[in-house]
Amino acid sequence: MFLAAVGFWNFLGAGVFGFLVNLPIVSYYEMGTGLTANHAHGAMMGVYGMLAVGFAVFALRYFIPENAWSDRWPRLAFWSLNLGLAWMSFATLLPSGALQLYKVVESGYADARSLGYLQGDTNVFLEWLRLPGDVVFIAGGVLPLLWMTWLGVRHRAGRTRQPEDAELSLLFTEVGPGTTRADGEEEVVAP
């Protein structure tokens with residue numbers, strides 16, 4: 633699921649939002665405004681963040697024993713991270729970036745980056761509107777991932793077992809004095 637999210641955010645965050653900020657005439661006016669932050673959140677967390685989380689869940693699946701693993705935690709993390717990121721992008725960063733771009737075109741870049749504009753009622757409201765998306769992202773996405781990581785570290789630290797059928801396992805092959813090779817000959821290892 634996380635790898636599917638990488639494709640979605642690669643299209644939207646890096647593609648569409650990146651296209652919005654990289655058009656030459658738009659880039660001249662908007663560099664450093666809210667549209668840049670919108671593109672950065674969608675591209676960085678949406679693409680590379682989801683990729684990293686997907687790989688982490690893949691690895692944690694092998695660290696956490698079957699009886700302690702639950703598909704509920706990664707599913708909750710997936711939906712919460714994606715919904716929180718979408719909320720951040722569409723409810724706050726995209727509207728504030730578009731309004732700031734309009735202010736740049738209307739009054740100039742310096743005015744749109746001034747404290748008077750950034751602390752204006754509309755901008756402050758849009759910044760506070762981001763809070764629900766952040767809460768969903770952190771509480772529903774980050775905390776379950778931290779829980780799974782803790783489970784993985786806890787179970788991995790105490791596990792020193794060998795697979796049930798070590799001779800047939802290609803992942804766990806012991807090589808040392810007295811080890812028998814596949815052809816039946818004894819392996820001699822120099823000290």
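Count the sequence shown with this note's numbering and you get residues 633 to 823, in order. Positions of the beta carbon are idealized from the N, C-alpha and C atoms, including for glycine.
- Message: Less than 8 Å between the C-beta atoms of L778 and A700, yes or no?
- Response: Start at 1 with the first residue of the sequence shown, and residue 778 comes out as number 146. Start at 1 with the first residue of the sequence shown, and residue 700 comes out as number 68. No. Outside cutoff.
- Query: Ordered along the chain, which non-local residues of its own chain (more than five positions away) have a Cβ less than 6 Å from that of V685?
  - Reply: Here residue 685 refers to the residue found at position 53 when the sequence shown is read from its first residue. These residues qualify, in order along the chain: F634.
- Can you give the Cα-Cα distance for A688 and A742, rounded to whole angstroms? Here the question's residue 688 lines up with position 56 in the sequence shown. Here the question's residue 742 lines up with position 110 in the sequence shown. Answer to the nearest angstrom: the Cα atoms are 43 Å apart.
- Around the Cβ of W719, are there at least 16 other Cβ atoms within 10 angstroms (buried) or fewer (exposed)? Residue 719 sits at position 87 when you count from the first residue of the sequence shown. Buried, because 16 or more other Cβ atoms sit within 10 Å of the Cβ of W719.
- What distance in whole Å lies between the Cβ atoms of G681 and F649, which are believed to be in contact at a cut-off of 8 Å? What you label residue 649 is simply residue 17 of the sequence shown in a count that begins at 1. What you label residue 681 is simply residue 49 of the sequence shown in a count that begins at 1. Not really, about 15 Å apart at Cβ, beyond 8 Å.
- Message: Given this structure, state the Cα-to-Cα distance separating F710 from P776, to the nearest angstrom.
- Response: Locating residue 710 in the sequence shown gives position 78, counting from the first residue. Locating residue 776 in the sequence shown gives position 144, counting from the first residue. Taking the straight line joining both Cα atoms gives about 10 Å.
- Beta carbon of L761, beta carbon of A730: below 8 Å? Counted from its first residue, the sequence shown places residue 761 at position 129. Counted from its first residue, the sequence shown places residue 730 at position 98. Contact: no.
- Whether A744 touches V736 by CB criterion (8 Å): Your numbering for residue 744 matches position 112 in the sequence shown. Your numbering for residue 736 matches position 104 in the sequence shown. Yes. Within cutoff.
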